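Numbering (this note's numbering), first residue to last: 1 to 332.
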């Protein structure tokens, strides 16, 4: 059972502000919802509530950064990225300013429907020159990421977790460094963000049957990958990407770009397809959009040339996997 940490970002933000006197926090009326209320009460002279006017707020972030401050903007991911996108591009990314953008409730982690579900935020931010794009997988990431990016000269976007967050890792967050959870050189699962805990449980349950099944957690989407990750990808026969984001512009696309330059394993992608998503509970949405533990388990079985059939199976998917298995089974 993973230990659950309550509001890891809230306490980390206060500690960070205590050490670094040039850190300021700016919010858009979501101060408590994004765990910045403790910072606001501790450092009222370094906190600004700018209201629901994100375009102007981002311009203020740019001005604060030009004055030698390190501004942090925590909000829901849609409001951190999509709404003020032009201002981020021209006033933060273009001049390469040290602004820290924290996007909470990414993808399907909110029941709020299309207006609140940031299923495209990684793609939007990683296509901006100078922007570093990272994603938290657990409480340790949320506790250590602010320190981990403090000395970076340019802007950073962090896909974030709030509230009750599991602790999966002991080692602190490090930009660009992947985490190998299980070593395996035949089928390799790459996961990022909130789906990491589920991926660990699923892969661990299957390793008795598939002892060369690997799992790596990716915390940096841009710049993508380190030498350990690239070496693991090169050895694998099948790579499965698992993400809470559109596959066209998130982890799957970053992995595909790597494979385009250095061809190797077959790539299987699990994530949100080319669609807008609707509201509902997290568990329901994961199942509805086929990015849950059952889907991951099926894809792993298919990659090994086996089939996990039940009355709930997507038979079109199964037919496609039969064709895939015919092509890759000999290599396995």
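All residues carry an ideal CB built from backbone N, CA and C; glycine is no exception. Just so it is clear, the structure is predicted and the values come from calculations on it, not from any experiment.
Residue 222 and residue 131 do touch by the CB rule: their CB atoms are close to 7 Å apart, below 8 Å.
One thing to note: residue 109 has its Cβ no nearer than 8 Å to the Cβ of residue 176. Looking at 57, 230, 146 and 265, the one whose alpha-carbon comes closest to that of residue 15 is 146.
Annotated three-state conformation of residue 207 is coil, per DSSP. The C-beta separation of residue 215 from residue 203 comes to about 4 Å, placing the pair in contact by the 8 Å criterion.
Between residue 71 and residue 65, the gap from beta carbon to beta carbon is short of 8 Å.
A distance of 8 Å or more separates the beta carbons of residue 47 and residue 13. Per DSSP, residue 279 is not a residue of any beta strand (DSSP E), being assigned neither H nor E. Short of 8 Å from the beta carbon of residue 55, and not among the five residues preceding or following it, lie these beta carbons of its own chain, in chain order: 83, 84, 86 and 87. The beta carbon of residue 256 is closer than 7 Å to those of 267 in its chain, skipping five residues each way along the sequence.
When DSSP states are grouped into helix, strand and coil, residue 302 belongs to the helix group. Note that the C-beta distance between residue 158 and residue 119 is not below 8 Å. If you look at residue 140, you'll find it isn't in any beta strand (DSSP E); it sits in the alpha helix (DSSP H) that goes 139-149.
DSSP lists 106 as the beta-bridge partner residues of residue 118. A direct Cα-Cα distance of roughly 45 Å separates residue 152 from residue 305. For residue 159, the enclosing beta strand (DSSP E) has its first and last residue at 156-159.
In this structure, the straight-line span from the alpha carbon of residue 229 to that of residue 45 is close to 43 Å. Per DSSP, reduced to three states, the secondary structure at residue 133 is strand. Taking all protein chains shown into account, residue 91 has 16 or more neighbouring C-beta atoms within 10 Å of its C-beta and is therefore buried. Comparing C-alpha distances from residue 112 to each of 78, 300, 298 and 100 shows the shortest one belongs to 78. About 6 Å separates the Cβ atoms of residue 123 and residue 250, confirming a contact at the 8 Å cut-off.
From the listed residues 144, 154, 254 and 170, the smallest Cα separation to residue 160 is found for 144.
Residue 106 sits away from residue 140, with the two beta carbons spaced by 8 Å or more.
Residue 184 and residue 29 have their C-alpha atoms spaced approximately 46 Å apart. Nearest to residue 129 by alpha-carbon distance, out of 142, 293, 93 and 97, is 93. Sequence-distant partners of residue 166 (beyond 5 residues in either direction) whose C-beta falls short of 8 Å from its own C-beta, in its chain, are 2, 3, 4, 5, 138, 139 and 197. The beta carbon of residue 149 is closer than 8 Å to those of 100, 132, 134, 156, 158 and 175 in its chain, skipping five residues each way along the sequence.
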